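S.K.: Add 2 to a position in the sequence shown, counting from 1, and you land on the number used in this note's numbering.
If you scroll down you'll find the structure; I have some questions about it.
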Amino acid sequence: MKKTHIAALMILISGMTFATCDQSKFYSGLPTHLSGYEFKSKLSNLLTKTHRSLSYDDLHQAYTRSDRDKTYDGDNTILDMYSENPNGRDPYKFRAGQKKCGQYRNEGDCYNREHLFPQGLFGKRRPMKTDIFHVYPSDGKVNGMRSSYPFGEVGEARWISENGSKLGRSKDPAYRRTVFEPIDEFKGDIARAMLYFAVRYESRIPSFRYNDMTDGSRDQTYSTWFLKTLLKWHKQDPVSEHERYRNDQACRYQKNRNPFIDHPEWALAIWEVQ
3 MKKTHIAALM
13 ILISGMTFAT
23 CDQSKFYSGL
33 PTHLSGYEFK
43 SKLSNLLTKT
53 HRSLSYDDLH
63 QAYTRSDRDK
73 TYDGDNTILD
83 MYSENPNGRD
93 PYKFRAGQKK
103 CGQYRNEGDC
113 YNREHLFPQG
123 LFGKRRPMKT
133 DIFHVYPSDG
143 KVNGMRSSYP
153 FGEVGEARWI
163 SENGSKLGRS
173 KDPAYRRTVF
183 EPIDEFKGDI
193 ARAMLYFAVR
203 YESRIPSFRY
213 NDMTDGSRDQ
223 TYSTWFLKTL
233 LKWHKQDPVS
243 EHERYRNDQA
253 CRYQKNRNPF
263 IDHPEWALAI
273 WEVQ
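The structure is reproduced here in structure tokens:
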């Protein structure tokens, strides 16, 4: 093939890739007149069809772009939801590619890759294990303390991180066991990541192990108490500039998007819980 033809082909491919991550074009084929679980299934098909599976090492490389702090401190450090202090000085910072776990004993020792939807529930299988839209860089110590506990609102804390995230007994009367609560600034971020997971892996959810936050169904996916918490956080903590930036950058690597960042209204169009 002549060099001119190769160059033209590369330009075409580059243009196609850019168009794929363009918001308006990405969703252009969706039947948006639908709602509820019917719409959820159509959205799941889109996210699955466009998803390019990453390797576990790819995540660290992607974080050097997707998780730079461009909005809070603007210092290009790795933005960790468990150490970021949106109203003051961060207790510690992570530079991209440095202090990756590794070994840790204390907060600030290193950062690793946290699966917001616990990977033990899907047997550590790909593409779930390496899906950047629910696998976030986080402090190793705090990630270890969160373990596989559901997210929720803590009544009585038995451990508090340096930025105020808590582990303790839930104050939700519908669920009184141990939960992990991030600070208010990132509750919506986590909720939208978990809702993404429910849509992207709709067809696989019934084969996963259950825990207290899941109900095993492909439709609702999450236990009612937990889904109510996610939708509450989604409404109370609107989409941030960092989320929009991360969504765009992550798409460059994985080729799909988190639709609840682009269209927050779709979450309530899909799930209705009393």
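Backbone N, C-alpha and C fix where the C-beta goes; we use that ideal spot for every residue, glycine too.
If you're wondering where the values come from, they're calculated on a predicted model, not measured in any experiment.
Tell me, please, which residues DSSP counts as bridged to Trp161.
M.R.: Numbered from its first residue, the sequence shown carries residue 161 at position 159. Per DSSP, Leu169.
S.K.: Check whether the Cβ atoms of Arg202 and Ser37 sit closer than 8 Å, and answer yes or no.
M.R.: Taking the first residue of the sequence shown as position 1, residue 202 is located at position 200. Taking the first residue of the sequence shown as position 1, residue 37 is located at position 35. Not a contact, by the Cβ cut-off of 8 Å.
S.K.: Over what stretch of residues does the beta strand (DSSP E) that includes Arg115 continue unbroken?
M.R.: Numbered from its first residue, the sequence shown carries residue 115 at position 113. Run containing Arg115: Tyr113 to His117, per the beta strand (DSSP E) assignment.
S.K.: Rounded to whole angstroms, what is the Cα-Cα separation between Phe20 and Ala193?
M.R.: By one-based count along the sequence shown, residue 20 stands at place 18. By one-based count along the sequence shown, residue 193 stands at place 191. Here Phe20 scores only 41 on pLDDT, less than 50, and its place in the model should not be relied on; the value that follows carries that caveat. The straight-line gap from Cα to Cα measures roughly 27 Å.
S.K.: Is it a yes or a no for the segment 115-135 touching the segment 54-68, going by three-plus beta-carbon pairs under 8 Å?
M.R.: Yes, they touch.
S.K.: With which residues is Ser80 paired in a DSSP beta bridge?
M.R.: Taking the sequence shown and counting its residues from 1, one reaches residue 80 at position 78. As written in the sequence, residue 80 is Ile, which differs from the Ser given in the question. In the DSSP output, where bridge partners are listed per residue, Ile80 has Arg70 and Phe96.
S.K.: Note down the Cα distance separating Phe96 from Tyr106, rounded to an integer number of angstroms.
M.R.: Within the sequence shown, residue 96 is the residue found at index 94, counting from 1. Within the sequence shown, residue 106 is the residue found at index 104, counting from 1. C-alpha separation (whole angstroms): 14 Å.
S.K.: Do you know offhand how far Thr66's Cα is from Asp221's?
M.R.: In the sequence shown, residue 66 corresponds to position 64, counting from 1. In the sequence shown, residue 221 corresponds to position 219, counting from 1. Using only the alpha carbons, I get a separation of about 35 Å.
S.K.: Opposite Pro208 in the DSSP bridges: which residues?
M.R.: As a working note, residue 208 is residue 206 in the sequence shown. Answer is none; Pro208 lacks a bridge partner.
S.K.: Going by beta-carbon coordinates alone, are Ser85 and Tyr74 separated by less than 8 Å?
M.R.: The sequence position of residue 85 within the sequence shown is 83, counting from 1. The sequence position of residue 74 within the sequence shown is 72, counting from 1. No, they are not a contact pair.
S.K.: Excluding five sequence neighbours on each side, which residues of the same chain lie with their C-beta closer than 7 Å to the C-beta of Arg54?
M.R.: What you label residue 54 is simply residue 52 of the sequence shown in a count that begins at 1. Result list for Arg54: Gln256 and Lys257, in chain order.
S.K.: Alpha carbon to alpha carbon, how far is Thr52 from Lys44? Give it in angstroms, no decimals.
M.R.: Residue 44 sits at position 42 when you count from the first residue of the sequence shown. Residue 52 sits at position 50 when you count from the first residue of the sequence shown. Cα-Cα distance, rounded: 13 Å.
S.K.: Could you give the C-beta distance for Tyr198 and Phe262, rounded to a whole number, given that I count them as a contact under 8 Å?
M.R.: The residue given as residue 198 occupies position 196 in the sequence shown. The residue given as residue 262 occupies position 260 in the sequence shown. Tyr198 to Phe262, Cβ: 6 Å. Contact.
S.K.: Going by DSSP in three states, Phe41 sits in which element: helix, strand or coil?
M.R.: In the sequence shown, residue 41 corresponds to position 39, counting from 1. Helix.
S.K.: Starting from Asp141, trace the beta strand (DSSP E) both ways and give me its first and last residue.
M.R.: Taking the sequence shown and counting its residues from 1, one reaches residue 141 at position 139. Residues Val137 to Asp141.
S.K.: So which of Arg91, Pro120 and Asn145 has the shortest CA-CA distance to Tyr113?
M.R.: Numbered from 1 along the sequence shown, position 111 holds the residue referred to as residue 113. When each option's Cα is compared against that of Tyr113, the closest is Asn145.
S.K.: Of all the options Phe119, Ser163 and Ser167, which has the alpha carbon lying nearest to the alpha carbon of Ile152?
M.R.: Walking along the sequence shown from the start, residue 152 turns up at place 150. In the sequence as displayed, the identity of residue 152 is Pro instead of Ile. Comparing Cα-Cα distances from Pro152 to each of Phe119, Ser163 and Ser167, the minimum goes to Phe119.
S.K.: Under 8 Å, do Met196 and Ser140 count as touching if we go by C-beta distance?
M.R.: Taking the sequence shown and counting its residues from 1, the one referred to as residue 196 is at position 194. Taking the sequence shown and counting its residues from 1, the one referred to as residue 140 is at position 138. Not in contact: Met196 and Ser140 (Cβ atoms no closer than 8 Å).
S.K.: Enumerate in chain order the residues of its own chain whose CB-to-CB distance from Trp268 is below 8 Å, with the five nearest sequence positions on each side excluded.
M.R.: Your numbering for residue 268 matches position 266 in the sequence shown. Setting aside the 5 residues that flank it on each side, Trp268 is surrounded in the same chain by Phe41, Leu45, Pro261 and Phe262, each with a C-beta closer than 8 Å to its C-beta; the list follows chain order.
S.K.: Can you tell me whether DSSP reads Thr180 as helix, strand or coil?
M.R.: Position 178 of the sequence shown, counted from the first residue, corresponds to residue 180. Thr180: strand per DSSP, three-state reduction.
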